[in-house]
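J.:
Residue numbers (our numbering): 43 to 301.
Right under this line is the structure:
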């Protein structure tokens, strides 16, 4: 009769979490170690539908290109931008079958494109949304579609690391609407969702915080070891650490010329 192996130690899990490559935007490593509920609007499906109807499209802050790569029919002209240098070769390789050009550009702009270059601009979980630049590069009648991180996203995780005093912040949908309108766009769709995420070991927490860097700014295992220990003990006691991502979908259009 064999006995089950003991669970990995806290130190072993920390070491594993630190060793994982966090470049790109592929979350397949988390399979079996964390779960995340998806928004009901199915962004990847909406992205694929919009791309199939576009002539010239731009995907902002594409990461490693993993989401854009799922579209069924690329438009004749497809561009993507990314600011983090390690992601650029990944995105170029992943998106090459779609004929996409991937350019390095800062998240907040400027974008290296002429005015009115695209009839579709998209972004999934952008670090910042450069509304003036989006308004500039969209052609009249063009559309911007984005899935954004909402206010107080995963605040339970942030509080576990930074303290219970932390108040919800982030991007509020009403502010996004105001920014879109200031950029000359008309918002035609706005949806919000509060979701559930569970972590089943502290290695998954470490990888998540290293990858999704805005959750806990300046995160490192050494700096947050006591807090990680508390999260580890909580997972061992209850089976998981639960937090709640918030998301919103915004779609805006640039009016047709009237002159």
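For glycine and all other residues, C-beta sits at the position ideal for the given N, C-alpha and C. Treat the numbers as computed from the prediction; the structure is a model and nothing was measured.
Is residue 257 helix, strand or coil when you go by DSSP?
T.: Indexing the chain shown from 1 puts residue 257 at position 215. Coil.
J.: The alpha helix (DSSP H) with residue 278 in it runs from where to where?
T.: Here residue 278 refers to the residue found at position 236 of the chain shown. Run containing residue 278: 267–280, per the alpha helix (DSSP H) assignment.
J.: Whose CA, out of 175, 92 and 135, lies closest to the CA of residue 293?
T.: The count along the chain shown starts at 1 and reaches residue 293 at position 251. Here the closest residue by C-alpha is 92.
J.: Would you mind working out which of 250, 171, 262 and 165 sits nearest residue 287, comparing C-alpha positions?
T.: Residue 287 sits at position 245 when you count from the first residue of the chain shown. Among 250, 171, 262 and 165, the Cα nearest to that of residue 287 is on 250.
J.: Tell me the rounded alpha-carbon separation between residue 230 and residue 219.
T.: By 1-based counting over the chain shown, the position of residue 230 is 188. By 1-based counting over the chain shown, the position of residue 219 is 177. The straight-line gap from Cα to Cα measures roughly 10 Å.
J.: Would the stretch 81–91 count as touching the stretch 142–153 if we require 3 or more Cβ pairs under 8 Å?
T.: no
J.: Per DSSP, what kind of secondary structure is residue 153 in: helix, strand or coil?
T.: By 1-based counting over the chain shown, the position of residue 153 is 111. Of the three classes helix, strand and coil, the one that applies to residue 153 here is coil, per DSSP.
J.: For residue 208, which of 97, 194, 214 and 215 has the nearest alpha-carbon?
T.: For this step, residue 208 is matched to residue 166 along the chain shown. Taking only the C-alpha atoms, the option nearest residue 208 is 194.
J.: What is the rounded straight-line gap between the Cα of residue 104 and the Cα of residue 273?
T.: Here residue 104 corresponds to residue number 62 of the chain shown, with the count starting at 1. Here residue 273 corresponds to residue number 231 of the chain shown, with the count starting at 1. Cα to Cα, the separation comes out at about 31 Å.
J.: Please classify residue 129 as buried or exposed, where buried requires at least 16 other C-beta atoms within 10 Å of its C-beta.
T.: Translated into positions along the chain shown, residue 129 becomes position 87. Its Cβ being crowded by 16 or more others within 10 Å, residue 129 is buried.
J.: Quick one: Cα of residue 181 to Cα of residue 173, how far?
T.: As a working note, residue 181 is residue 139 in the chain shown. As a working note, residue 173 is residue 131 in the chain shown. When rounded, the distance between both Cα atoms is 14 Å.
J.: Kindly indicate the opening and closing residues of the beta strand (DSSP E) around residue 283.
T.: Taking the chain shown and counting its residues from 1, the one referred to as residue 283 is at position 241. First-last of the beta strand (DSSP E) with residue 283: 283–285.
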